[in-house]
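A quick write-up on the structure given underneath.
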Amino acid sequence: MEPAPCRVLHVGRETHDTFTLTLEVTPEGRAEFAPGQFSMLYVFGVGELPISISGDPGVPGRLTYTVRVVGRATEALARLRAGDWVGVRGPFGSAWPVEAARGMDVLIVAGGIGIAPLRSVVYHALRNRDAYGRLIILHGARSPKDLLYRADFRHWNRQAETRALTTVDHGDMRWRGRVGVVTTLFRYVRLVPERTIAMLCGPEIMMRYVCAEICGNHRIPPSQIFLTMERNMKCAAGFCGHCQFGPYFICKDGPVFSYEKVKPLLGIHEL
Amino acid sequence: MSSRQEGPIGLVDPPSIGRLISALERRGWLVAGPTVRDGAIVYDRLQSIDDLPRGWTEDQEAGRYRLEHSGDNALFGYNLGPQSWKKYLHPPEVRLLEASRENGLLKILNQAEPLPRYAFLGVRPCELEAIQVLDRVLIGDRFSDPIYEGRRKNLFLIAVNCSRTAPTCFCTSMGTGPRARRGYDLAITEILEGGRHEFLIEAGTAQGAAVLEELHPRKAGPDDSGLAEKLTQRAANQIRRRLDTESLRDLMYANWEHPRWDQVASRCLSCGNCTMVCPTCFCTDVEDTSDVRGERAERWRRWDSCYTLSFSHIHGGSVRWSVKSRYRQWLTHKLASWIEQFGGSGCVGCGRCITWCPVGIDLTEEVRAIRETPARASTRRENRNGEP
Ligand SMILES: Cc1cc2nc3c(=O)[nH]c(=O)nc-3n(C[C@H](O)[C@H](O)[C@H](O)COP(=O)(O)OP(=O)(O)OC[C@H]3O[C@@H](n4cnc5c(N)ncnc54)[C@H](O)[C@@H]3O)c2cc1C
Ligand code: SF4
Chain A
1 MEPAPCRVLH
11 VGRETHDTFT
21 LTLEVTPEGR
31 AEFAPGQFSM
41 LYVFGVGELP
51 ISISGDPGVP
61 GRLTYTVRVV
71 GRATEALARL
81 RAGDWVGVRG
91 PFGSAWPVEA
101 ARGMDVLIVA
111 GGIGIAPLRS
121 VVYHALRNRD
131 AYGRLIILHG
141 ARSPKDLLYR
151 ADFRHWNRQA
161 ETRALTTVDH
171 GDMRWRGRVG
181 VVTTLFRYVR
191 LVPERTIAML
201 CGPEIMMRYV
211 CAEICGNHRI
221 PPSQIFLTME
231 RNMKCAAGFC
241 GHCQFGPYFI
251 CKDGPVFSYE
261 KVKPLLGIHE
271 L
Chain B
272 MSSRQEGPIG
282 LVDPPSIGRL
292 ISALERRGWL
302 VAGPTVRDGA
312 IVYDRLQSID
322 DLPRGWTEDQ
332 EAGRYRLEHS
342 GDNALFGYNL
352 GPQSWKKYLH
362 PPEVRLLEAS
372 RENGLLKILN
382 QAEPLPRYAF
392 LGVRPCELEA
402 IQVLDRVLIG
412 DRFSDPIYEG
422 RRKNLFLIAV
432 NCSRTAPTCF
442 CTSMGTGPRA
452 RRGYDLAITE
462 ILEGGRHEFL
472 IEAGTAQGAA
482 VLEELHPRKA
492 GPDDSGLAEK
502 LTQRAANQIR
512 RRLDTESLRD
522 LMYANWEHPR
532 WDQVASRCLS
542 CGNCTMVCPT
552 CFCTDVEDTS
562 DVRGERAERW
572 RRWDSCYTLS
582 FSHIHGGSVR
592 WSVKSRYRQW
602 LTHKLASWIE
612 QFGGSGCVGC
622 GRCITWCPVG
632 IDLTEEVRAI
642 RETPARASTR
652 RENRNGEP
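So the sequences go chain by chain: A and B.
Here the working numbering is used: the first sequence runs in plain steps of one and ends on residue 271.
Here the working numbering is used: the second sequence runs in plain steps of one and ends on residue 659.
Below you can see the structure in the form of C-alpha cells.
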C-alpha cells in the first residue's frame, strides 16, 4: 500500500516538544477513521512512523495528529509548515470501544502523549453527548510545561457531566494544580463498576498501575478496561514482524486491546 | 498424512533432467535450483544439468557444514545448504517506493516492475511446506504483500523427495517430509539402486503434467512407485533428531520464565544467523534515503532479525534488551505464537538453524530441556520489585 500525499493545513505548537499537525486529505487518501486508529506518516526521504489520529472523527476531510519530538522522524515532522506535503497510509488498527461504551460512564486515563489517541474519543462522546453517561478524563504529565490540550481541558470541564482532571509528577514555582502520579487522581472520582468503561493510554508502567487501581480498588472488571500497546512498527500490515507482543501484532490486532486479553502478557519482562 | 496428489507418473533417465531445465526455459520460466558455490550448495540460476551438484553431498551437524564427494553420480544426493527459496519469493532487499518532490509537491512514483517467473527445481519437502507457511504469512485476508504474492503466483515448483537425510533434519517430527505430499507441480524421486539411475516423476498439476509429457517418460509401474516410496521411507527411518510437538504451544506459553533461557543466552551470540537461514523467518526493516538535492527519495526493505537490539527499539530504548529475551522471542514465535497467528507452526524441521548456528545451539535440545525441567517459580515483574 502506497502513501497518499496529503497537504499540511496547519501546524500548532502544543508544548515545548509537542505539536499538532492537521492534514487535508486528498482523494487518494482516506479521511474516515475510528477513534484509536493510527496512520503511517511518511516524511519525504526521512522515514515513516506510526502516529495516532487525535482529531475529531466528526470533521470530514481532515486528519489531525499530535506528535512529541523524540528522534529523527518526529523532528522532521516538526519542521513541516502549512503547504508542505506528507504521505499518509491508513488508517490502521483497532479502535476504542465507543459503541460498546454507549450508555456507560466513560473513564479516560492518559499519561503524557497518551492523551492524543484518546482526544478523539472525547470529541466523539461530546458530539454524541446523550449516548454516554458521565465522562471522566484523568491526565498526568511529567511537569506543568508538559500538559497538553490545556484549552480543550478547560472546555471539557464546562460540559455537562464531564470532569477533566490533570496532575503533574513534579510542579514548579507557579503551579497551583495537583502534584502526583495519575493514580492519585482516583481519590477525586467515584466510579460505578457496572456502568464504567475505562480507556487507558500511556507508558506501560503507568497502565499497569492504573489497571491495578481500577480493578482492585474500584472493582471494574478487566473486560471493561481497554488500553493501547506500543512497539516498534514498520509496515502496519503484519509483515515486518516488529510490533509483535506475544501472539499479537499490535498493528492489526491492536493498538487497542481489552485488558482481559493482554493481562497475562503485561507482567512478562521484555516481551 | 494425506495421500499424494493424483496425476500422471513417469520414469526418466538422468539426461532428461537437463531436458526438463530446457523445457521450462522454453516455456518462459527462469529456472533456479541447487548448485555448488564457495564450498556450499546454494540456489542460483540453472542453465543446464551440469549446474546441478552432481556427485556432491554434505556433512552437517550442529554448527558444522562441509561439502563432500558422495562417490556416486547422484544429482540430488544432498539435502539443504544455507539458503532457502525465500531469497527469491521474499527478496533480501527490495525497493518499496520511489518519491519525488518538486516545488514542494510530493509525488509517489509508481513503477510496476515486470515480475520474474521462477521455476524452482529441487525443492525439498520441508521447503515446500515452508513456502506454504510463507503463503499464510504474506498472503493474508486483510493485507497481502504484493512483492511476495506476485512472485508466488507465477511459480513452477519441482519438489525432490529425500532418499538421504542430514543429521540435522527433523521433518518427520514436523510432519513435512521426507516425501512431498502436496503443493508441487512435479515431484522427483531419484532412484540410484543396483546399477539403476532413474528419476520417478509425479505430476501434481495440469501444467506439471504438460511439462512431464514433453520429456517422453517411460511408463512407471506399481513396482517403481513402491521403490520410490521405500527409498523415502528408508530416509525417514534414518532421522534421529526429534522435536516433541505434543502441546508444544502450551509448553512454550507456560515457560516465558524458565532457567533454560538464561542458559541458552549464555551461549547465543545473538548473531541472527538462524533467522537468516530459516526458510520462514519473514521480518523486515525499511530504510529511507534521499538524493543530495532532496528531490528524489527511495524506501528500501531489507530482511531484519529479531536478534538485533534495534528490532524492538522504541523511544527510550529497546524492549528486548537482553539476549535471553531475544532468543525467547524467536523460539516462542516460531513454535507457539506462530500457530495462533497463522494457523500452523513456523518451523518445518529443516534444521538449518542448527547447522548454521556458530555455537551449535539446537532448538530441539532447547525444547527438550524446557520440557524436562520444571519452570522456575515466577520471576515476573510483580515479584521482582513490587510493581503490578
Ligand atoms: C500505534 C502507535 C501510535 C503512536 N501514536 C503516537 C502519537 O500519537 N504521537 C506521538 O508522538 N507518538 C506516537 N507513537 C510513537 C511514535 O511512532 C514514535 O515516537 C516515533 O516512531 C519515533 O520516531 P523517531 O524517528 O522520531 O525516533 P527515534 O527514537 O529516532 O526512532 C528511530 C526509529 O525507531 C522506531 N521507533 C522509535 N520509537 C518508536 C515508537 N514509540 N513506536 C514505534 N516505533 C518507534 C521508528 O521506526 C524510528 O524510525 C505511536 C506509536 C505507535 C506504535
Ligand atoms: S527454525 Fe530452524 S528448523 Fe525451523 S524452519 Fe527455521 S531453520 Fe528450519
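Where is the CB? At the ideal position from N, CA and C, for every residue including glycine.
Using a beta-carbon distance below 8 Å, is residue i in contact with chain B?
i      : result
A:C201 : no
A:K263 : no
A:N157 : no
A:K145 : no
A:F44  : yes
A:D84  : yes
A:Y209 : yes
A:I225 : no
A:A116 : no
Report the rounded CA-to-CA distance for residue i versus residue j, giving the unit in angstroms.
i      : j      : result
A:G83  : A:L9   : 6 Å
B:L338 : B:W627 : 14 Å
B:A499 : B:P449 : 12 Å
B:F470 : B:F613 : 35 Å
A:L227 : A:L63  : 22 Å
B:R652 : B:Y524 : Residue placement at B:R652 is flagged as unreliable, the pLDDT there being 49, under the threshold of 50; the coordinate-derived value follows with that caveat. Whole-angstrom Cα-Cα distance: 17 Å.
B:L351 : B:L360 : 17 Å
A:S52  : B:S518 : 38 Å
A:E75  : A:H124 : 30 Å
B:Q504 : A:C251 : 44 Å
B:N544 : B:P362 : 17 Å
B:S273 : B:V594 : Since pLDDT at B:S273 reaches only 42, below the 50 mark, its modelled position is unreliable, and the value read off the structure follows with that caveat. In a straight line, the C-alpha of B:S273 is about 40 Å away from that of B:V594.
Since residue i and residue j should fall inside the 8 Å C-beta cutoff, what is the C-beta to C-beta distance between them, to a whole number of angstroms?
i      : j      : result
A:G112 : A:R142 : 7 Å
A:V109 : A:L138 : 5 Å
Does the distance between the C-beta of residue i and the nearest non-hydrogen atom of ligand 1 fall short of 7 Å?
i      : result
A:E75  : yes
A:Y123 : no
B:I585 : yes
A:Y149 : no
B:S561 : no
A:S54  : yes
A:K252 : no
B:A333 : no
A:M233 : yes
A:T66  : yes
A:V70  : yes
A:P50  : yes
B:A474 : no
A:G93  : yes
Does residue i get closer than 8 Å to chain A when you measure Cβ to Cβ?
i      : result
B:R652 : At B:R652, the pLDDT of 49 sits below 50, so the modelled position is not reliable and the matter cannot be decided from this model.
B:S561 : yes
B:G615 : no
B:K358 : no
B:N381 : yes
B:M272 : With a pLDDT of 39 at B:M272, under the threshold of 50, the modelled position of this residue cannot be trusted; read the value that follows with caution. By this cut-off, B:M272 is not an interface position.
B:V431 : no
B:E409 : The sequence given here has Leu at residue 409 of chain B, not Glu. Yes - at least one Cβ of chain A is within 8 Å of the one on B:L409.
B:T579 : no
B:T555 : yes
B:K605 : no
B:S593 : yes
B:R505 : no
B:S518 : no
Out of the options, which has the shortest C-alpha to C-alpha gap to residue i?
i      : options                           : result
B:S583 : B:W574, B:R573, B:R597 and B:R572 : B:R597
B:R513 : B:V548, B:M445 and B:E473         : B:M445
B:L367 : B:D322, B:I418 and B:D284         : B:I418
B:I610 : B:V408, B:R538, B:T443 and B:G587 : B:V408
A:G47  : B:W327, B:W571 and B:V307         : B:W571
A:M173 : A:V59, A:P144, A:D56 and A:T26    : A:P144
A:E32  : A:T18, A:P60, A:G45 and A:N128    : A:P60
B:I429 : B:L502, B:D412 and B:L399         : B:L399
A:M1   : A:P91, A:T20 and A:G58            : A:P91
A:P255 : A:W96, A:E24 and A:P3             : A:W96
B:A451 : B:P396, B:I472, B:K501 and B:F441 : B:P396
B:G565 : B:R372, B:R316, B:N508 and B:V557 : B:R372
B:I510 : B:T447, B:T579, B:S319 and B:H604 : B:T447
Looking at the C-beta of residue i, does it have a partner C-beta in chain D at a distance below 8 Å?
i      : result
A:Q244 : As a matter of chain content, chain D is missing from the structure shown, whose protein chains are A and B.
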